[in-house]
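All remarks here apply to the structure that follows.
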Amino acid sequence: MSFTKESVNKTPIVDTVFVIVDKAKKAKEEVGAENVVDATIGSLYSEDGKLVALDTVFESLKKQDNRVLAKYATSFTGNPDFQKAVYDWVLDGNSKLCHEVIATPGGTGAVGMVVNECLEEGQTIILPEIAWGSYALMAQMHNLKVENYSLFEGDHFNLTSFKETCKKVMEVQDKLVMIINDPCHNPTGYSLTKEEWKEVVDFLNECSKTHKVVLLNDIAYIDFAYGQAKAKEYYSVFDGISDNMAVIVAFSLSKSMTSYGLRCGAAIIMAQQEEIVQEIKIVFEKEARATWSNINNGAMAMFVDVLENHLDEYNKERNYYVNLLKERSDIFVKEANEVGLKHYPYKEGFFVTLSMDNETRDKYHEALMANHIYTVKVNKGIRVAVCSLSLDKIKGLAKKMKDILDSLN
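The sequence shown: position 5 = 5 (full-length UniProt numbering), numbered continuously.
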């Protein structure tokens, strides 16, 4: 007899990212930070090696009245002005679907609500084979099965594998629930084109003739997409979803506002029919009330204040780092291509992921650490966090990594 529910997996969690982060930290103490390449950190860092915390954001937060910071939100689903601000900011006029917004603790809370409440225990969720590890962990904790689709076919999204995976799941259950992390996919940096999104939605509309469909679009990194406003234009494709389909967008203030620890985000529920939106909203409201009860009021007030009163300054400050991120990634990808260091198709975002089988990955990861280059292992690859590396650290890094890889053979 267990002290916890029998059905839960009791294997201890191993957070590989923080283990390697700790190793990198110790290496810096032992050999000096200038001799260590720490490409583990999945947060945005400045050129002087410090965490970026946008002045516009935190000056707004600090100017909030103490009572605003201290009090509960107006509702456990979030403050109405925050909900409106999120919808207007995220969709940017690109959709006319019926919608509701529920505040969540980070984008993670929005993802968690979909995983927890849209499938029964024992049913299957569809995930990309290369993905943020917490998707699979959430599924495991709620006794869901997982079917993975191959993410790439050559240099583009693998629509064939996505379709095959959906069809396989359709044979055993009456609902499809899938996650597409886009744009700025974590960890590959891929972004679907608007045409690719149209192909996805057209296929899911066909599926919806016999099965209910819930598409979760995790947009955690969207505000660091290189196209900026253009990166949100694909939302217009969602307006073509069928009456038997819902889209839930998971938005995160962590990346958009560089406010990782404030834990604030939102789930945007969208569908053609108001009754579908309300059905999902009611269940999500209960999940919110039962799980976290309330969202950081100060973070919500800050977000509204920044967008209403400091938007130009915020955009200027954020876009400086968008451009810096692009400069870093351009250098790494160009040099990787020049030396033949194979990586998954990268377009934009915090990470570039080297492509290899898992056996090679494990040996390579150890060899990199032996040379004081610290990265993160993901399925079928090595994640390089260009978001946290200075330009000086990035220049020449691809060649060093290629030489180490060649030495294994």
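Yeah, the Cβ is synthetic: ideal placement off N, Cα and C, and Gly gets one too.
Which residues DSSP lists as bridging residue i, in chain order
i: P128; result: Y149
i: M369; result: None, per the DSSP bridge assignment.
i: V19; result: Answer is none; V19 lacks a bridge partner.
i: Y45; result: L51
Candidates the options, of which the one nearest residue i by Cα
i: G261; options: T16, G107 and K25; result: G107
i: K163; options: N66, E199, C264 and T77; result: E199
i: F251; options: L151, D182 and D239; result: D182
i: G133; options: V146, G349 and Q273; result: V146
i: S150; options: V172, T188 and Q273; result: T188
i: C207; options: E120, C166 and G93; result: C166
i: D305; options: D65, V283 and G32; result: D65
i: Y320; options: A225, K168, E359 and K281; result: A225
i: Q140; options: E120, D330, L405 and I280; result: E120
i: L408; options: K363, K209 and A370; result: K363
i: N186; options: T124, E100 and G42; result: G42
i: I248; options: V384, K25 and A103; result: A103
i: K347; options: I404, F157, V68 and K255; result: F157
i: D202; options: V172, N244 and D155; result: N244
i: D357; options: F351, V378 and N371; result: V378
i: S7; options: N309, G122 and L204; result: G122
i: S236; options: A70, I282, T193 and K209; result: T193
i: N371; options: V14, V19, L204 and V31; result: V31
i: K255; options: Y234, D223 and G396; result: D223
Cut-off 8 angstroms between Cβ atoms - residues of its own chain near residue i, not counting five sequence neighbours on either side
i: E153; result: L159, T160 and S161
i: S355; result: K342, H343, Y344, K380 and G381
i: K10; result: S2 and T4
i: C98; result: M270, A271, Q272, Q273, E274, I276 and V277
i: P105; result: R263, C264, G265, W292, I295 and N296
i: K96; result: D239
i: K168; result: E147
i: V111; result: S134, Y135, M138, I179, L216, D218 and A250
i: S191; result: D182, P183, C184, H185, A225, A231, K347, E348 and G349
i: V68; result: N297, G298 and A301
i: E196; result: H156, F157 and L159
Residues of its chain near residue i, where Cβ-Cβ distance is below 7 angstroms and the 5 sequence neighbours each way are ignored
i: A398; result: F332, E335, A336, V339 and L341
i: L307; result: A85 and W89
i: L61; result: G298 and M302
i: H211; result: M170, D174, K175 and L176
i: S259; result: V57, L253 and A299
i: K393; result: V37
i: R328; result: V386, L389, L391 and I394
i: A131; result: N181
i: P116; result: Pro is not the amino acid found at residue 116; the sequence shown has Asn there. For N116, where only same-chain residues beyond five positions count, the Cβ hits under 7 angstroms are H142 and E287.
i: L51; result: S43 and Y45
Boundaries (first-last residue) of the beta strand (DSSP E) holding residue i
i: L215; result: K212 to D218
i: N409; result: Run containing N409: none; DSSP gives neither H nor E here.
i: R383; result: G381 to A385
i: V247; result: M245 to S252
i: K377; result: V376 to V378
Boundaries (first-last residue) of the alpha helix (DSSP H) holding residue i
i: G298; result: N297 to N309
i: A33; result: Counting along the chain, A33 falls outside any alpha helix (DSSP H), and DSSP gives it neither H nor E.
i: S236; result: Y235 to F238
i: I394; result: L391 to I394
Same chain, Cβ closer than 6 angstroms to residue i, neighbours up to 5 away in sequence not counted
i: residue 451; result: The structure shown has nothing for residue 451, since the chain only spans 1 to 409.
i: E317; result: L54 and T56
i: V21; result: T40
i: G349; result: C184, G189 and Y221
i: V214; result: C118, V177 and A246
i: V17; result: V376
i: M257; result: V57
i: K232; result: D92 and N94
i: T124; result: K145, E147 and V169
i: I373; result: V37
i: V322; result: F224
Alpha helix (DSSP H) runs wholly inside the segment 318-356, at least 4 long, in chain order: none
Can you give, in chain order, each stretch of the beta strand (DSSP E) that sits fully within the segment 52-139 and has at least 3 residues? 98-104 and 124-128
Ordered list of alpha helix (DSSP H) runs contained in the segment 156-209, each at least 4 residues: 159-170 and 194-207
Segments assigned beta strand (DSSP E), at least 3 residues, entirely inside the segment 249-281: 265-271
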